[in-house]
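Everything below concerns the one structure shown next.
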Amino acid sequence: MYLLRKAGFYLVALWAALTVNFFIPRLMPGDPVEIMISKLGQKGPVSPETRASIEALLGTGTSQPLWDQYKDYLSSLASGDLGVSVTFFPASVGDIIGQTLPWTIGLIGLSTIISFLAGVGLGTLAGWKRGSWLDSLIPVTTMFQSVPYFWLALILLFLFGSVWPLFPLNGGYDVYNVTPGWTAAFIGSVIYYGTLPALTIIISSVGGWMLGMRNMMVSTLSDDYMVTAEAKGLRPGRIMRRYAARNAVLPSISGFAISLGFVVAGSIVTEAVFSYPGIGSALLQAVGGNDYALMQGIFLIITLAVLGANLLVDLLYSVIDPRTRSRS
Numbered sequence: 051m052y053l054l055r056k057a058g059f060y061l062v063a064l065w066a067a068l069t070v071n072f073f074i075p076r077l078m079p080g081d082p083v084e085i086m087i088s089k090l091g092q093k094g095p096v097s098p099e100t101r102a103s104i105e106a107l108l109g110t111g112t113s114q115p116l117w118d119q120y121k122d123y124l125s126s127l128a129s130g131d132l133g134v135s136v137t138f139f140p141a142s143v144g145d146i147i148g149q150t151l152p153w154t155i156g157l158i159g160l161s162t163i164i165s166f167l168a169g170v171g172l173g174t175l176a177g178w179k180r181g182s183w184l185d186s187l188i189p190v191t192t193m194f195q196s197v198p199y200f201w202l203a204l205i206l207l208f209l210f211g212s213v214w215p216l217f218p219l220n221g222g223y224d225v226y227n228v229t230p231g232w233t234a235a236f237i238g239s240v241i242y243y244g245t246l247p248a249l250t251i252i253i254s255s256v257g258g259w260m261l262g263m264r265n266m267m268v269s270t271l272s273d274d275y276m277v278t279a280e281a282k283g284l285r286p287g288r289i290m291r292r293y294a295a296r297n298a299v300l301p302s303i304s305g306f307a308i309s310l311g312f313v314v315a316g317s318i319v320t321e322a323v324f325s326y327p328g329i330g331s332a333l334l335q336a337v338g339g340n341d342y343a344l345m346q347g348i349f350l351i352i353t354l355a356v357l358g359a360n361l362l363v364d365l366l367y368s369v370i371d372p373r374t375r376s377r378s
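Numbers 51 to 378, taken from the numbering used here, label the letters of the sequence shown in order.
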C-alpha cells in the first residue's frame, strides 16, 4: 500500500507538471510560427498552406484550438515524440536533448555527488570532534556558499584562466585537436575543460552540506541511545558511523535527492558563464527563440528528474528509517 500511494501521488504530480509545462510557454509573448515564417520569408513569400503546415509541424498557432493542441501534446508525449525545434530546425527536440544532456549530467551531476560526499564526510568529522580545526573551517566554507555563484565563477575564470592560465576559459573539449568518441584523448580533454566549472560548483556547495551534517551530528550525539551505545563499550568509530552518522544524515539525503533532481535546471548559470555545451545552453536559446517544443522537452526532463529524485528518496527513507512506512 505504501508503494501504491507513492506511485499514485507521483503520477498525479507528473500530470499536473505536464499540464503546466504545456501552458506556460504559450502564455509567453511571441509565436514560434511567426519566427519560422520570418525566416522563410527571407527567401520568398509564404503561402497560407505553408503557414498551416508549419503550425501543424510545431503543434501551435492560431488555426488549432488550444484544447486540441493540448491533446496532441499529450498524445505525442505518450508516443515519445517531443516535436521539432525551431531554434535548431530541422533537428528534433529528442536529438537536441540527446546531444546536450550527457554534458550536463557529467558536469553538474558528478560535481553535486562529489560536493555531497565531501561535505557529509567532513561534517561528520567536524560534529564528532567539536572544537577541532575542521570545525573552525566551516565558517570559511559557508562564506563561499553565500557568494553569488556567477561571481565566484567569474573570479575563478579570471584567476585560473587569465592570471594563471591553468584551465581553458570556455567550451566542453578541444574542438580543434580532438575528435569526439570514447578515446583517451577525448575523455581527457572533457575532464580538463570541465575541471574549472566543477571546482566552482564544489566550492560553492560543499559548505552547506558540511554545516548541515555537522549540526545534525551535534544534535544526535546528545540523544539517549548515544549515551547507551557509549555505556555498552562500543568502539568510537562504530558509534560514529552506525549510530550517529546514520541518523544524522537523513535530512542531508533529502536535500541531496532534491539537488540531483535539479541537476538539469541548475546547469543554466554554469553553462552560461563557462559557455558549456549542455542542456542549459540549449534552454537559453529556446527561450530566446520562443521554441515551445524545445522548452517543453527540457522542462519535461527537469520534471522527470525532480519527481524521480523525490521518489527515490522516499523509497530510500523507508529502507534507512522503517518508521516512515508506519507513518505513511
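The beta-carbon is built from N, C-alpha and C at its ideal position, and this holds for glycine as well.
Mind checking who residue i pairs with in its DSSP beta bridge?
i           : result
residue 142 : 134
Which term fits residue i, buried or exposed, when burial requires 16 or more other beta carbons within 10 angstroms of its beta carbon?
i           : result
residue 275 : exposed
residue 378 : Low local confidence applies: a pLDDT of 49 at residue 378 is under 50, so the model's placement there is unreliable, with the coordinate-based value given in what follows. Classification of residue 378: exposed, given that the 10 Å Cβ count is below 16.
residue 341 : buried
residue 166 : buried
residue 61  : exposed
residue 134 : buried
residue 264 : buried
residue 256 : buried
residue 200 : exposed
residue 234 : exposed
residue 73  : exposed
residue 174 : buried
residue 152 : exposed
residue 383 : Because the chain in this structure spans residues 51 to 378, residue 383 falls outside the shown range and cannot be described.
residue 54  : exposed
residue 193 : exposed
Alpha carbon to alpha carbon, how far is residue i from residue j?
i           : j           : result
residue 363 : residue 190 : 30 Å
residue 59  : residue 355 : 16 Å
residue 119 : residue 231 : 39 Å
residue 142 : residue 332 : 13 Å
residue 242 : residue 329 : 20 Å
residue 318 : residue 251 : 12 Å
residue 198 : residue 176 : 25 Å
residue 304 : residue 360 : 8 Å
residue 336 : residue 209 : 32 Å
residue 137 : residue 339 : 6 Å
residue 357 : residue 70  : 15 Å
residue 301 : residue 212 : 40 Å
residue 277 : residue 182 : 22 Å
residue 349 : residue 296 : 34 Å
residue 169 : residue 205 : 22 Å
residue 185 : residue 132 : 50 Å
Starting from residue i, follow the alpha helix (DSSP H) in both directions and report where the run begins and ends.
i           : result
residue 338 : 329 to 338
residue 326 : That residue, residue 326, is in no alpha helix (DSSP H); it is neither H nor E in DSSP.
residue 278 : 274 to 281
residue 189 : 188 to 196
residue 199 : 199 to 208
residue 49  : This structure gives no information on residue 49, because the portion of the chain shown stretches from 51 to 378.
residue 162 : 160 to 178
residue 125 : 116 to 128
In terms of alpha-carbon separation, which member of the options lies closest to residue i?
i           : options               : result
residue 222 : 245, 56, 344 and 283  : 245
residue 262 : 306, 251, 240 and 135 : 306
residue 220 : 175, 343 and 207      : 207
residue 320 : 249, 270, 148 and 65  : 249
residue 405 : 325, 308 and 240      : Look at the range of the chain in this structure, 51 to 378, and you will see that residue 405 is not part of it.
residue 149 : 290, 292, 365 and 344 : 344
residue 310 : 292, 351, 193 and 181 : 351
residue 77  : 116, 57 and 55        : 116
residue 267 : 195, 216, 349 and 299 : 299
residue 217 : 228, 279, 239 and 226 : 239
residue 253 : 271, 282, 295 and 203 : 203
residue 157 : 324, 353, 280 and 346 : 324
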